[in-house]
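Residue 1 is where the sequence shown starts when you use our numbering, and the numbers rise one by one after that.
Yeah, the Cβ is synthetic: ideal placement off N, Cα and C, and Gly gets one too.
In what follows, a structure is listed as structure tokens, so that the remarks can point back to it.
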Amino acid sequence: MATLAEPEQDFTRLPEMPEDVFTAPLKKPDHVGDDWLEPKQTEYSSEDDAIWNDLFARQMDMLPGRAASSFMAGLQKLNLNRGGVPEFGKLSEDLGALTGWSVVPVPMLIPDHVFFWHLANRRFPAGNFIRTRETFDYIQEPDVFHDVFGHVPMLTDPVYADYMQEYGKAGWKAMRYNRLKALGSLYWYTVEFGLIEEKPGDIRAYGAGILSGPTEAVYSVEAESPNRIMLNVDRVMRTDYVISDLQPTYFVIPSFEDLYRQTVERDFDKLYKSLGAGFTYANTAVIDVDYVVNRGTLEYTLRGGRGSGAKPV
């Protein structure tokens with residue numbers, strides 16, 4: 001059996017986790033195997049479908065002109081406006097024909113090494129549940145709306161789809177160096193909260209955390225509070241992030257080709273050896289190597305953010 005110290009390059013088998021690899025402990029439900037895959041997708045009720053439809057309609061009021069063109073095209077290619085929670089089999093069939101990816105149901109957040117393994121094999125794990133009316137505006141654990149609406153349309157873009165697979169492969173190396181927090185920062189500031197400058201002055205969102213929520217869809221690209229800084233992978237992997245509020249800083253790419261090049265061509269062995277155990281930069285920081293698109297006022301953050309009732313301006 002291959003170990004993380006010497007991983008198989010074909011990624012066909014799930015790696016064992018050595019004891020000296022630090023990762024968040026998660027209790028596996030009894031009904032799933034080591035791959036954490038649900039036996040089948042949930043049979044959603046009419047109310048579940050209505051929640052999906054209402055969430056979808058709300059986002060479509062906000063996203064045109066603010067969401068990346070690749071995302072908007074992906075929505076059309078996958079026909080996600082057909083109504084109700086998408087059926088994963090049909091979704092995977094359509095997505096597979098475009099970029100070779102599939103969507104698979106999981107019960108909850110899954111362990112890092114399992115998540116990386118699925119990505120490395122072009123499988124995107126999606127939460128097998130949907131939020132309630134009571135949690136309509138915000139849910140901490142990603143549900144099927146966040147995962148499918150927010151993430152999956154971007155997987156129709158061939159370059160971005162390849163980036164996601166390479167990220168999965170890179171995960172095993174990060175675990176060997178115990179640098180999952182650093183790699184997690186890269187995921188956070190690209191896959192979840194990334195921005196793209198499609199043409200000069202036209203900055204749009206491609207990160208799923210932005211695209212699946214109405215407030216951040218506007219705040220991330222239009223507000224004066226946040227910093228917007230061109231992506232530098234080494235810098236991002238040294239930067240802390242906030243989970244339960246709007247971001248003080250967003251990182252901008254000029255293209256998905258540039259994102260792919262910055263990550264796939266980077267010598268991560270050398271980078272991981274140079275990184276400390278914690279983050280170097282606060283999530284509000286602007287440093288001398290930054291190419292700044294917008295130096296934010298940080299008003300929203302300095303007023304106390306979501307808990308204070310501050311306006312996202």
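- Under the three-state reduction of DSSP, Met-108 is assigned to coil, being neither helix nor strand.
- DSSP, read as helix, strand or coil, puts Ala-68 in coil.
- For Thr-99, there is no enclosing beta strand (DSSP E); the residue is found in the alpha helix (DSSP H) stretching over 88 to 99.
- Relative to Gln-262, the option among Met-17, Phe-56 and Val-233 whose CA is nearest is Val-233.
- Around the CB of Ile-287, fewer than 16 other CB atoms lie within 10 Å, so the residue is classed as exposed.
- Annotation: the continuous alpha helix (DSSP H) that includes Asp-61 extends over 46 to 62.
- Straight-line spacing of the CA atoms in Arg-228 and Lys-311 works out to 19 Å.
- Excluding five sequence positions before and after Arg-123, the CB atoms of its chain that fall closer than 6 Å to its own CB belong to Ser-102 and Val-104, given in chain order.
- DSSP places Phe-149 in the helix class (H, G or I) of the three-state scheme.
- In terms of Cβ geometry, Ile-253 and Leu-231 form a close pair [threshold 7 Å].
- Residue environment analysis places Thr-23 among the exposed positions, since fewer than 16 neighbouring C-beta atoms fall within 10 angstroms of its C-beta.
- Taking a 10 Å sphere around the C-beta of Ala-217, we find 16 or more other C-beta atoms and assign the residue as buried.
- Judged by DSSP secondary structure, Lys-181 falls within the alpha helix (DSSP H) whose first and last residues are 180 to 187.
- Using a 10 angstroms sphere on the CB of Asp-267, the tally of other CB atoms stays under 16, which defines it as exposed.
- For Lys-199, the three-state secondary structure derived from DSSP is strand.
- In terms of Cβ geometry, Thr-297 and Ser-225 form a close pair [threshold 7 Å].
- Proximity to Arg-179 across Met-237, Leu-80 and Asp-245 peaks at Met-237, based on C-alpha coordinates.
- Assignment of Tyr-250 by DSSP, reduced to helix, strand and coil, places it in the strand class.
- Counting C-beta pairs with one atom in each stretch, the segment 32 to 42 and the segment 105 to 118 have three or more that are closer than 8 Å, which means they touch.
- For Ser-102, DSSP records a beta bridge to Arg-123.
- Between Val-152 and Leu-95 the beta-carbon gap is near 7 Å, inside 8 Å, which marks them as a contact.
- Around the beta carbon of Tyr-291, a 10 Å sphere encloses fewer than 16 other beta carbons of the protein chains shown; the residue is thus reported as exposed.
- The three-state secondary structure of Met-237, taken from DSSP, is coil.
- A Cβ-Cβ distance of about 32 Å is found for the pair Pro-158 and Leu-26, leaving them out of contact under the 8 Å criterion.
- Contact annotation: the segment 56 to 66 touches the segment 205 to 216, with at least three C-beta pairs closer than 8 Å.
- The Cβ-Cβ distance between Ile-130 and Asp-48 falls below 7 Å.
- Distance check between Gly-194 and each of Tyr-177, Gly-150 and Thr-42 places Gly-150 closest, using alpha-carbon atoms only.
- Beta-bridge annotation (DSSP): Val-114 is not paired with any residue.
- Across the structure, Leu-155 and Phe-56 are spaced so that their CA atoms are roughly 18 Å apart.
- Scanning His-146, Arg-306 and His-113 for the CA closest to the CA of Lys-173 turns up His-113.
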